[in-house]
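Numbering (my numbering), first residue to last: 4 to 122.
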């Protein structure tokens, strides 16, 4: 009878250890799920916070001493990665081969973004 009691208590200890392990694993799985949900909410909040902007074009007249860099500083918005990207688009739109080709009185089409919807 004593051996049966020893086996039973040994089985009980083993069962308790197994339950603790399972409980610990369940806790970590739950923690991972909660952290993942938090990050997805943060990501969704960030994307919702981004402004919705419409792309427009306007015609400008180049003034004395203007360069494409000056124009980029004035019209470029956060949608562009860099002034170089903006200048490249301006050059493409206006079929400019070289940034030094602009001159006073020249008309250029330049892009810009606005949160205001214009129709």
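All residues carry an ideal CB built from backbone N, CA and C; glycine is no exception.
Put residue i into one of helix, strand or coil per three-state DSSP.
i: residue 110; result: strand
i: residue 101; result: coil
i: residue 121; result: coil
i: residue 20; result: helix
What are the residues that DSSP puts in a beta bridge with residue i?
i: residue 12; result: The partner list for residue 12 (beta bridge, DSSP) is empty, contrary to what the question assumes.
i: residue 116; result: 58
Hey, residue i and residue j are a contact pair by Cβ (cut 8 Å); roughly how many whole angstroms apart?
i: residue 65; j: residue 90; result: Contact flag wrong, Cβ pair sits at about 14 Å.
i: residue 93; j: residue 61; result: 11 Å between Cβ atoms; not a contact.
i: residue 117; j: residue 57; result: 6 Å
i: residue 80; j: residue 122; result: Not really, about 20 Å apart at Cβ, beyond 8 Å.
i: residue 63; j: residue 111; result: 5 Å
Inset, instruction - Please specify which runs of the beta strand (DSSP E), each continuous and at least 3 residues long, are wholly inside the stretch 29-92, giving them in chain order. - result: The stretch 29-92 contains these whole beta strand (DSSP E) runs: 57-64.
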